[in-house]
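For reference, the structure is listed below as structure tokens.
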Amino acid sequence: MQHRGRAVVFEDFDDYKARINAPDLAVDADSILVMKNCGPRGYHGMAEVGNMGLPGKLLEQGVTDMVRISDARMSGTAYGTVVLHVAPEAAAGGPLAAVRDGDWIELDCHSGRLHLEVDEAELATRLAQSDPTAASRRIASDGGYRQLYIEHVLQADEGCDFDFLVGCRGAEVPRHSH
């Protein structure tokens, strides 16, 4: 599969829920839905919120699938063309933080390529202007477990474990679960 479309960006799950069915949402069947700040830091615990439903106005037109991209995860029973576990996540300063409405994104599944069509200088400027800790601060406390979690959780591609536990467990898995 190859697809190129304009990004429709949701800053977090709450933004997605509030706007996905808005009549004035600038979206069409070729758009790519992007939901940020739902990874291990941005959405405490990396809940299964990546199964973004399609905008109602497109469902009414008969659209049954769209490309969706997020740093979230989703249930294995969900379906569709969804790129998940984008790492580093937006709340850790990853490139997803720089995606804006209208940006062109290309997905090429055959070559394993996901490309934001923004030049390097603009990408660097956007990342410098972003606040990767904003999502985490909304759920952080003045200490305790939540703060420990936010400061030490690894990214999705590294297993979402605590960085201070890497190499400490030594437990072998005696059999495969699948």
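Quick note: the sequence shown uses the working numbering, first residue 1, plus one each step. Glycine is no exception: its CB is placed at the ideal position from the N, C-alpha and C atoms.
Does L107 come out as helix, strand or coil in the three-state DSSP assignment?
Reduced to three states, the DSSP call for L107 is strand.
For a test of the three-state rule: what should DSSP assign to L123, helix, strand or coil?
In the structure shown, L123 falls within a helical segment according to DSSP collapsed to helix, strand and coil.
State the DSSP-derived secondary structure class of R4, mapped to helix, strand or coil.
Judged by DSSP in its simplified three-state form, R4 adopts strand.
What whole-angstrom Cβ distance do G39 and A124 have, given they're in contact under 8 Å?
Wrong, their Cβ atoms sit about 21 Å apart, outside the cutoff.
Simplified DSSP assignment, three categories, for I69:
Reduced to three states, the DSSP call for I69 is strand.
From Q129, L116 and D161, residue whose alpha carbon lies closest to that of R4
Nearest option by C-alpha distance: L116.
Kindly indicate which residue of R41, A98, Y145 and S111 has the alpha-carbon position closest to the one of Q129.
If we check each option's Cα against that of Q129, A98 comes out closest.
What are the boundary residues of the alpha helix (DSSP H) that L58 is part of?
In this chain, the alpha helix (DSSP H) harbouring L58 covers G56 to L59.
Comparing C-alpha positions only, which one of G112, E151 and F13 sits nearest to G53?
Nearest C-alpha to G53: F13.
Go to I32, then tell me how far its beta strand (DSSP E) extends in each direction, as first and last residue.
For I32, the enclosing beta strand (DSSP E) stretches over residues I32 to M35.
Out of curiosity, what's the CA-to-CA distance linking V49 and G42?
Going by the C-alpha atoms only, they are around 12 Å apart.
Are there 16 or more other CB atoms within 10 angstroms of the CB of F10, so buried, or fewer, so exposed?
F10 should be labelled buried.
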